[in-house]
Amino acid sequence: MFSTFSSVPITVVSTSLSSLSTPWSTQTLSNPPLCASSPQSAKLTHDPDLEHQKILGFGGAFTEAASLNFNALSEKGREEVLRLLFSKDGLGYNLGRTHINSCDFSPKSYSFSSTPDDFDLTHFDFSVSHDQETMIPFMKRASDELSQSWDTDLKIIASPWSPPAWMKKRVNSDAPRSMLGSAPDTCLRAPEEYAQVWALYFEKWIEAYANQSISIWGVTVQNEPEFAAPWEACQYNPETELSFVTSHLGPLLRASHPDLKILGFDHNKDHVNTWSDKLSPSPYIDGIAYHWYAGGMDRLLDGAQGTANLHRLKSTLKPDDFFLGTEACHCPSTGYAGGDVKVAWKRAERNVHAVLADLAAGSRGSIEWNLLLDKVGGPNHLGNVCDAPLLALPDKATSPQISMPAPFGLPDFETQIPVDPPAGDSWSASTHLKHGSLPSSVEVGVLIQPMYWTTGHITRFLRPNSTPITSLMSGNNVLTKGGVNDLGRVGIELTFFPCEGSNRQTFTLDASTREIKTPSSTDPNKFVCLSSKNDPGFKGLLLTTCDADLPENTNSTSGKYEVAEEVIVNVEDGSCLGFMELENGGNAVGIRSGSQLSSFDDQAKCKGFELYDDEFHHEGLDVCLTTGWPQLQGLSFNDAEGNVVSVLLNEGEEDVKVEIDGIRFDVEGHSVKTIKFG
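Numbered per this note's numbering, the sequence shown spans residues 12 to 689.
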């Protein structure tokens with residue numbers, strides 16, 4: 012192995028917070044010297060012969076908001092967006108998602124059937140005239156760019172947010188029928204004619220798009236079926252979604268579009284297994300779609316939960332079925348509006364972590380939410396503004412030939428005005444370049460955010476049919492306990508990884524309160540503690556509020572523990588803390604990377620743990636308890652041409668050295684590095 016890798020050309024691509032002005036910095040190594048293994052280096056080991064699922068690809072969503080922003084740019088600006096997102100010079104996205112009818116990222120609600128009780132859809136707008144204005148042209152141009160650059164087709168998945176209002180139940184007896192919000196369990200009216208016409212609507216919409224030369228590769232049954240959102244929504248539970256698919260949608264689409272993929276669920280990871288257990292046995296379901304959200308007002312748990320549930324999902328699906336991440340974005344607002352490049356970089360790191368963890372668990376790919384938004388993250392007709400890899404700032408274009416009037420203004424389709432002006436509006440063109448934009452993008456009013464560059468470390472190298480290979484990152488305690496643990500927050504899952512020495516693996520047993528605690532991310536003088544019960548959605552223990560910080564008259568949720576003969580026991584109920592292995596053997600990472608801390612009644616499952624030197628250590632497996640995941644991460648792949656590609660992410664402040672097959676690489680703090688062997 013050593014001689015093979017040292018004799019092939021090695022391409023090293025790097026992007027870091029400290030050098031955002033030169034992203035995707037590329038170095039080619041020929042015949043690099045082999046090194047002796049060092050205790051001062053972390054090590055990424057992998058086996059190219061142990062391949063896992065083939066990757067479908069990566070992409071983003073052609074929302075109406077994205078399309079309006081695309082249209083607001085000059086022609087040169089649009090060409091730059093297409094190059095950045097779909098060409099070989101850019102991300103090379105090959106997956107897309109769009110909405111059937113309006114969604115929250117539309118300026119207003121709309122559908123293609125406004126005639127009540129039109130059960131044959133005689134009055135359906137078969138020209139889909141609304142979408143012809145901006146969305147369909149954007150998709151066509153993206154498809155052309157991808158085809159010219161990569162000689163491959165754009166796979167588009169369509170998701171409904173809401174049926175037309177006349178098909179829906181009233182939210183309450185006094186409310187008018189509306190596309191906004193949803194009645195519980197199912198939004199569809201009784202009798203069955205309304206479910207049948209909604210299934211027919213899918214078919215008509217797919218055919219209407221085909222007539223516009225847009226081929227739909229797959230559909231999800233419903234976007235976020237558990238959420239009665241204040242915007243367009245339609246709730247189902249697992250039973251009612253299965254009933255709709257089995258009795259209406261599945262038979263109709265199988266007959267008219269037999270190659271179309273039907274994906275169930277399309278919501279968050281906490282309940283993905285419950286829904287999959289119900290939906291996946293259906294012959295009409297080809298796969299499960301999931302989102303990365305976790306809720307909370309600060310949204311800092313998004314992309315941070317549910318990896319173990321994906322391993323469970325992989326172990327239970329039918330052999331030919333798959334699962335795919337269909338929506339992920341950061342909210343609220345944009346990195347540009349906030350004006351802090353360190354926050355924007357943290358968002359970029361979270362993207363890389365989430366995609367790598369999902370691929371390791373068995374996901375076939377990932378679709379970002381909006382491809383392109385305005386400076387505050389809109390338009391969104393309910394004010395749910397969010398981030399995107401690219402932002403359209405036509406008023407900031409520096410080229411005099413294409414500069415737009417009304418500097419610092421929002422486009423005329425944006426109705427959500429922030430309380431404070433976007434901080435990025437004070438940036439000069441040189442500041443844009445320092446933070447990752449290119450001269451070619453600044454000239455035409457396109458802002459490139461850090462998450463664009465970090466995403467490219469995956470999408471440009473892992474083309475369709477690439478495969479994760481079995482990999483293990485061993486940290487070798489190369490990091491220190493310094494700094495703030497940004498994952499020391501309530502709701503983070505407790506996992507096991509090889510010991511790296513970082514503050515994400517710092518735990519102490521408080522002798523007075525009997526709580527096991529780790530420093531809080533929000534206050535260096537406070538702590539968060541291990542919970543006492545397994546979370547019903549994630550199955551393992553989470554971080555929770557320590558008793559000292561509970562509001563008055565609030566019940567404790569933290570566990571009270573003692574150590575006895577290498578067993579850590581909950582003194583209140585006699586349960587013990589144990590190692591819950593990832594299912595499916597951990598897929599591409601094995602059981603030592605991400606298995607969960609869980610509460611067990613059987614003490615035989617809890618042997619081998621020690622708490623010492625601020626670490627919660629399992630001697631037999633040589634792993635340490637971790638808040639979420641380590642700062643240093645890595646995963647290897649066989650790319651579509653058979654070359655080994657390793658992606659490394661360092662979320663810590665310190666530079667580290669990582670050995671891969673006898674070759675040592677420097678990995679800067681807060682950086683992403685992609686290494687291609689061959």
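Virtual Cβ for every residue (Gly too), placed ideally from N, Cα, C.
State the Cα-Cα distance for the pair residue i and residue j, rounded to the nearest angstrom.
{"i": "W356", "j": "S532", "result": "17 angstroms"}
{"i": "K528", "j": "T26", "result": "34 angstroms"}
{"i": "S567", "j": "C557", "result": "8 angstroms"}
{"i": "A83", "j": "R108", "result": "21 angstroms"}
{"i": "A76", "j": "P171", "result": "16 angstroms"}
{"i": "I671", "j": "A47", "result": "11 angstroms"}
{"i": "E360", "j": "L660", "result": "8 angstroms"}
{"i": "P195", "j": "S184", "result": "13 angstroms"}
{"i": "G192", "j": "R200", "result": "14 angstroms"}
{"i": "C245", "j": "I227", "result": "22 angstroms"}
{"i": "H364", "j": "K386", "result": "25 angstroms"}
{"i": "P416", "j": "E86", "result": "Low local confidence applies: a pLDDT of 42 at P416 is under 50, so the model's placement there is unreliable, and no value is given."}
{"i": "T426", "j": "E664", "result": "39 angstroms"}
{"i": "G499", "j": "Y572", "result": "19 angstroms"}
{"i": "G306", "j": "T39", "result": "42 angstroms"}
{"i": "S122", "j": "T555", "result": "43 angstroms"}
{"i": "E218", "j": "V457", "result": "34 angstroms"}
{"i": "D100", "j": "R181", "result": "49 angstroms"}
{"i": "F137", "j": "V232", "result": "21 angstroms"}
Let's see if you can read the secondary structure: which residues bound the beta strand (DSSP E) around residue i?
{"i": "D155", "result": "Taken as a continuous stretch (DSSP letters only), D155 belongs to no beta strand (DSSP E), being part of the alpha helix (DSSP H) at M146 to W161."}
{"i": "K54", "result": "A53 to E62"}
{"i": "K166", "result": "K166 to P171"}
{"i": "Y104", "result": "Segment: none, Y104 is in no beta strand (DSSP E) and carries neither H nor E."}
{"i": "G589", "result": "C587 to M591"}
{"i": "V396", "result": "No beta strand (DSSP E) holds V396; DSSP gives it neither H nor E."}
{"i": "H341", "result": "Note, H341: premise wrong, no beta strand (DSSP E); not H, not E."}
{"i": "L40", "result": "S36 to L40"}
{"i": "R675", "result": "I674 to V678"}
{"i": "L622", "result": "F620 to Y623"}
Among the residues of its own chain, which have a CB less than 6 angstroms from the CB of residue i, if the five just before and after it don't count?
{"i": "P418", "result": "For P418, the predicted structure reports a pLDDT of 45, less than 50, and the residue's modelled location is therefore unreliable. The matter cannot be settled from this model."}
{"i": "P249", "result": "W286 and K289"}
{"i": "H341", "result": "R358 and D398"}
{"i": "S1", "result": "Any property of residue 1 remains undetermined from this structure, which presents the chain solely from 12 to 689."}
{"i": "A368", "result": "T318"}
Below 8 angstroms on the Cβ atoms is my contact criterion, and I expect residue i with residue j to pass it. Report the Cβ-Cβ distance as a whole number of Å.
{"i": "L102", "j": "T466", "result": "6 angstroms"}
{"i": "L260", "j": "S291", "result": "Incorrect: roughly 16 angstroms between the Cβ atoms, too far for contact."}
{"i": "V230", "j": "L263", "result": "The Cβ separation is near 11 angstroms, so there is no contact."}
{"i": "L646", "j": "P479", "result": "6 angstroms"}
{"i": "P461", "j": "M484", "result": "Contact flag wrong, Cβ pair sits at about 23 angstroms."}
{"i": "Y301", "j": "K280", "result": "6 angstroms"}
{"i": "L401", "j": "Y463", "result": "6 angstroms"}
{"i": "G639", "j": "A315", "result": "6 angstroms"}
{"i": "V455", "j": "E156", "result": "Not really, about 16 angstroms apart at Cβ, beyond 8 angstroms."}
{"i": "E652", "j": "H681", "result": "Not a contact, Cβ separation roughly 30 angstroms."}
{"i": "A153", "j": "L93", "result": "6 angstroms"}
{"i": "D164", "j": "S173", "result": "About 29 angstroms; that fails the 8 angstroms criterion."}
Who are the Cβ neighbours of residue i in its own chain at under 7 angstroms, not counting the five residues just before and after it?
{"i": "G619", "result": "E577, H629, E630 and G631"}
{"i": "F688", "result": "F16, V19, I21, N654 and V655"}
{"i": "V489", "result": "Q51, S52, A53, E511, G512 and V667"}
{"i": "L561", "result": "S567"}
{"i": "G435", "result": "Y347, A348, G350 and K386"}
{"i": "W35", "result": "V24, T26, W464 and G467"}
In the DSSP assignment, the alpha helix (DSSP H) including residue i goes from what residue to what residue?
{"i": "N80", "result": "E75 to A83"}
{"i": "F518", "result": "Counting along the chain, F518 falls outside any alpha helix (DSSP H), and DSSP gives it neither H nor E."}
{"i": "F508", "result": "Not the alpha helix (DSSP H): F508 falls in the beta strand (DSSP E), residues L505 to P509."}
{"i": "V208", "result": "E204 to N222"}
{"i": "T426", "result": "Note, T426: premise wrong, no alpha helix (DSSP H); not H, not E."}
{"i": "E573", "result": "Premise fails: E573 lies in the beta strand (DSSP E), Y572 to A575, not in any alpha helix (DSSP H)."}
{"i": "H322", "result": "T318 to T327"}
{"i": "E626", "result": "Here E626 belongs to no alpha helix (DSSP H); instead the beta strand (DSSP E) covers E626 to H629."}
Quick one: residues in its chain with C-beta nearer than 8 angstroms to the C-beta of residue i, no 5 flanking neighbours on either side, listed in chain order?
{"i": "N284", "result": "N320, R323, L324 and T327"}
{"i": "R773", "result": "Only positions 12 to 689 of the chain appear in the structure, and residue 773 is not among them; the question remains open."}
{"i": "L444", "result": "S32, P450 and V453"}
{"i": "L79", "result": "P118, T145, P390, P422 and F424"}
{"i": "L622", "result": "F518, T519, L520, I527, V574, I579 and H628"}
*Pick out the complete alpha helix (DSSP H) segments inside the region 345 to 387, 4 residues or longer, and give them in chain order.*
346 to 349 and 352 to 372
*Tell me the start and end of each unbroken beta strand (DSSP E) in the region 228 to 316 that is at least 3 residues and wholly inside, in chain order.*
229 to 231, 272 to 279 and 298 to 302
_Sequence ranges, beta strand (DSSP E) only - wholly within the region 434 to 473, length at least 3_ = 457 to 459
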